[in-house]
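Residue numbering for the sequence shown is 905 to 1322, as defined by the working numbering. Input: a single structure, listed below in structure tokens.
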Amino acid sequence: MADETMTTTLTTVAKPHRAIGMATAAIALAGVAIGLVLSAVALVLVVEPGPLVGGVVIGIASLAGLVIAGWGGQRLAAPLSRLALQAEALRDLDASLPAPAPTGIAELDRLGNALRRMKQALGVFAVYVPRDLVRQLISRTSEAQLGGERRPITVMFSDVQGFTSTAEHLDPEELMRMTCTYFEAVTAELLRNHATIDKYIGDSVMALWNAPRRDLSHARHACYGVLRARHVTRRLAEEFSARGWPEFYTRFGLHTGEAVVGNVGSSDRMAYTAIGSVVNLASRLEGLNKFHHTQILVSEATYRGAGQSFVFRPVGLVVPKGARDAIEVFELLGLAAAHDSADAPLVADPAIMAGLPDWREMLLCYRTRRFDAAEAALQRAARPDTDAVAASFAERIARLRAEPPGAEWTPVISFAEK
């Protein structure tokens, strides 16, 4: 019901020109009407005192009508135009225009006050609902309904390492300030890269790309947005440390696939979200960062959809909890190159990039049970003393060399927990 009421009200506000045009026309017609009345009086004078006097009066009456019409239109044109701009700004969710000044005309001032209150209400509404969804509600003429549509999307889940234990040792008000500062910075970077924030879950963020706004490059925008978010969390860690706050280390998971996006809930309370295995798998990938010692894990579907602008490192074949088939997962290392100075911090480590051919050889040898060759390739590919992912593989390969596995061994790792 609230959705329907808001939609009807916003649709009315978003079409100001019809009302303004009618008001302007009414003013002009009023002036013409006055002129006609005076002209009728003049006709009487033509009959009684004589044609000369009547002709003069007719001319004066006609001129008076035109003057009144012009004066009324001139006086109301500017404030009506300002009100039209305000209404159009409301339609576009633009709060930058200042409130119109009082005109001294009661009806116009009442309309201006109504638009001002609508602007405040819309500002509150847009904070709780994705802005692209609000724009859809404004432009839509049909009633909001439960259900959705199937489309490919990219989903992101983030999580702060050790947040629960951190929260136990902080004052609730201070924890709220920290969390809000963190969410404000991370959300800003995601929104700048076409994300829709689906929800906040404790210290986690769920974001979507290609819903509700169409985005053919959703995997690419998601990868870039996550790299920007990772960068801002590193800056925040320094700020938090300077304030005496604990540092937040954030892990991210990305997956691309088909989901149903739309309204779920009840006719009384709806929420816009995505439903499908793509959502669950994105959440699982975020959790697998802990096992792989990575910070950003993406699925093969996201890796293929992102394009050549990014550097990825394959880290394993896994069956996440709840999944049936093995998938290849990749660590998103960074950009392949910086297009401007703002992208410079996002470029992948050159040493890791240089070792990627040997890294791929290491994985091939590892998966085909050639563990001696895998160890040699790993030594060429990376430095386990400075690379946690390489250290994890070095430990795994050393264990397999020391105790060669049986015929049932597989490089695929299945997970019973997130």
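Just so you know, even glycine gets a beta-carbon here, dropped at the ideal spot from N, CA and C.
Among 1103, 1310, 1314, 1166, nearest to residue 1220 - alpha-carbon criterion: 1314
Residue environment, residue 1209, which counts as buried when at least 16 other CB atoms sit within 10 Å: buried
Proximity to residue 1229 [Cα-Cα], best of 1165, 1093, 1316, 1127: 1316
Candidates 1141, 1123, 1195: closest to residue 1161 by CA position: 1123
Segment contact, 8 Å Cβ cut-off, at least three pairs: the stretch 1266–1277 with the stretch 1294–1307: Yes, they touch.
Residue 1120, DSSP secondary structure in three states: coil
Residue 1187 in three-state terms, based on DSSP: helix
Enclosing beta strand (DSSP E) for residue 1154 [first to last residue]: 1154–1169 is the span of the beta strand (DSSP E), which, as asked, contains residue 1154.
Inter-residue spacing [alpha-carbon to alpha-carbon] between residue 1069 and residue 1318: 28 Å
Which listed residue (1178, 1078, 1112, 1158) has its alpha carbon closest to that of residue 1051: 1178
Helix, strand or coil at residue 1050 according to DSSP, with G and I counted as helix: coil
Helix, strand or coil at residue 946 [DSSP, three-state]: Confidence is the limiting factor: at residue 946 the pLDDT is only 44, short of 50, which leaves the residue's position unreliable and the question unanswerable from this model.
CB contact flag (residue 1309, residue 1273, <9 Å): yes
Rounded straight-line distance, which links the Cα of residue 1156 to that of residue 1080: 22 Å
7 Å CB neighbourhood of residue 1128 in its chain, flanking five on each side removed: 1097
Neighbour flag for residue 1186 against chain C, beta carbons, 9 Å: Annotation note: the requested chain C is absent from the structure, which comprises a single protein chain.
Burial state of residue 1066 (16 or more Cβ within 10 Å): exposed
Alpha carbon of residue 1292 to alpha carbon of residue 1113, nearest angstrom: 30 Å
Buried or exposed (CB count within 10 angstroms, at least 16 for buried), residue 1132: buried
Where residue 1178 falls: helix, strand or coil (DSSP): strand
CA nearest to the CA of residue 1130, picked from 1063, 1200, 1100, 1159: 1200
Inter-stretch contact at 8 Å, needing at least 3 Cβ pairs: the stretch 1144–1151 / the stretch 1241–1249: no
Completely contained beta strand (DSSP E) runs for the stretch 1082–1156, where each covers 3 or more residues: Segments of the beta strand (DSSP E) lying fully in the stretch 1082–1156: 1100–1105, 1108–1113.
Separation of residue 1311 from residue 1107, as counted between CA atoms: 43 Å
Spatial neighbours of residue 1089 in its chain, beta-carbon cut-off 7 Å, leaving aside the 5 residues before and after: 1136, 1140
Rounded C-alpha distance that separates residue 1057 from residue 1278: 36 Å
Of the residues 1153, 1207, 1061, the one placed nearest residue 1234, counting alpha carbons only: 1207
Contact belief for residue 1102 with residue 1111 at Cβ below 8 Å, rounded distance in angstroms: 6 Å
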